[in-house]
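Residue numbers (the working numbering): 1 to 238.
From the three backbone atoms N, C-alpha and C, an ideal C-beta is built for every residue, glycine too.
Note that the structure is a prediction, hence the values are computed from the model and not measured.
And the structure:
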């Protein structure tokens, strides 16, 4: 049986007691049916992964005793994912896969054709935590609140290049050979694509690289996964 993993927002070190909130205690004791003395793996996104023994798990909370480090901290490359939210389940999918595939930060943006005018940042952050727990990661990307695309671009640091998966360039897939390493962001548009004004502004920015993801126009959630895989294979840690 695979070891149960739990994200704990608390410093971790050998011999250190760690509190569990009510939801975590219920998950371990009520859902997974673990008893005091059982050993799980915990991580906090900063100190690597650690084995920990359940000391107590009740309705109001519980505690763990940290034992020893089982894996060092593994941080992803300096890659952000910028995307326009789509339908709820598919937005959840984008966040989960971005966390699994090594995005360091996830930024939802409001565009002229974005279907969703608001997001539940806390719910999406919980999906990122769950993805890291399940994929064996030790890092959880932060989910930013929804921001208008013009405001995001106004404050953009030009040293972070943007890889724009432009659906208008459908054709032979591009490679990223020759592009510099360093901080990057992947930009995925909404289901209706970017407006003419948004496209004109993006094309005019010197730090934006337009690419094709192949001969077929991909759904936004598929495009996010494809672009992340392309970047990780060429410029990331794959």
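So what's residue i in DSSP terms, helix, strand or just coil?
i: residue 144; result: coil
i: residue 184; result: strand
i: residue 234; result: helix
i: residue 150; result: helix
i: residue 18; result: strand
i: residue 126; result: helix
i: residue 106; result: strand
i: residue 73; result: coil
i: residue 191; result: coil
i: residue 7; result: strand
i: residue 221; result: helix
i: residue 62; result: strand
i: residue 139; result: coil
i: residue 94; result: helix
i: residue 161; result: strand
i: residue 118; result: coil
i: residue 216; result: coil
Could you check the C-alpha separation between residue i and residue j for me, to the nearest Å?
i: residue 207; j: residue 161; result: 5 Å
i: residue 205; j: residue 163; result: 12 Å
i: residue 101; j: residue 139; result: 11 Å
i: residue 227; j: residue 15; result: 42 Å
i: residue 1; j: residue 27; result: At residue 1 the pLDDT is 43, less than 50, meaning the model places this residue with poor confidence; the figure from the coordinates comes in the next sentence. Cα to Cα, residue 1 sits roughly 17 Å from residue 27.
i: residue 177; j: residue 230; result: 11 Å
i: residue 217; j: residue 190; result: 12 Å
i: residue 202; j: residue 136; result: 36 Å
i: residue 34; j: residue 184; result: 42 Å
i: residue 199; j: residue 92; result: 26 Å
i: residue 32; j: residue 195; result: 48 Å
i: residue 193; j: residue 36; result: 52 Å
i: residue 122; j: residue 7; result: 15 Å
i: residue 179; j: residue 222; result: 23 Å
i: residue 13; j: residue 146; result: 35 Å
i: residue 158; j: residue 111; result: 20 Å
i: residue 10; j: residue 197; result: 45 Å
i: residue 50; j: residue 18; result: 12 Å
i: residue 174; j: residue 165; result: 10 Å
i: residue 5; j: residue 133; result: 5 Å
i: residue 171; j: residue 76; result: 30 Å
i: residue 62; j: residue 212; result: 51 Å
Would you say the beta carbon of residue i comes nearer than 7 Å to a heavy atom of the ligand ZN?
i: residue 128; result: Ligands displayed in this structure: none; no statement on the ligand ZN is therefore possible.
My guess is that residue i and residue j are in contact by the Cβ rule of under 8 Å, so how many angstroms apart are they, rounded?
i: residue 29; j: residue 55; result: Going by Cβ atoms, the distance from residue 29 to residue 55 rounds to 12 Å, so no, they are not a contact pair.
i: residue 64; j: residue 20; result: 6 Å
i: residue 79; j: residue 236; result: 6 Å
i: residue 118; j: residue 169; result: At roughly 31 Å, the Cβ-Cβ gap does not stay under 8 Å, so residue 118 and residue 169 are not in contact.
i: residue 224; j: residue 188; result: 5 Å
i: residue 116; j: residue 85; result: 4 Å
i: residue 60; j: residue 22; result: 6 Å
i: residue 131; j: residue 89; result: Going by Cβ atoms, the distance from residue 131 to residue 89 rounds to 14 Å, so no, they are not a contact pair.
i: residue 141; j: residue 104; result: 6 Å
For residue i, which residues from the same chain have a beta carbon less than 7 Å from its beta carbon, with the 5 sequence-adjacent residues on both sides left out?
i: residue 48; result: 69, 71, 72, 73 and 138
i: residue 3; result: 40 and 41
i: residue 114; result: 84, 85 and 190
i: residue 95; result: 106, 124, 127, 128 and 143
i: residue 156; result: none
Looking only at its chain, what residues have a beta carbon closer than 8 Å to the beta carbon of residue i, apart from the 5 residues adjacent to it on each side?
i: residue 152; result: 82, 107 and 109
i: residue 181; result: 235
i: residue 220; result: 83, 84, 86, 90, 94, 188, 189, 190 and 191
Going by beta carbon distance, what residues of the same chain come within less than 6 Å of residue i, once the five residues before and after it are set aside?
i: residue 167; result: 193 and 217
i: residue 233; result: none
Are at least three pairs of beta-carbons, each pair with one atom in the stretch 110-130 and one in the stretch 22-42, less than 8 Å apart? no
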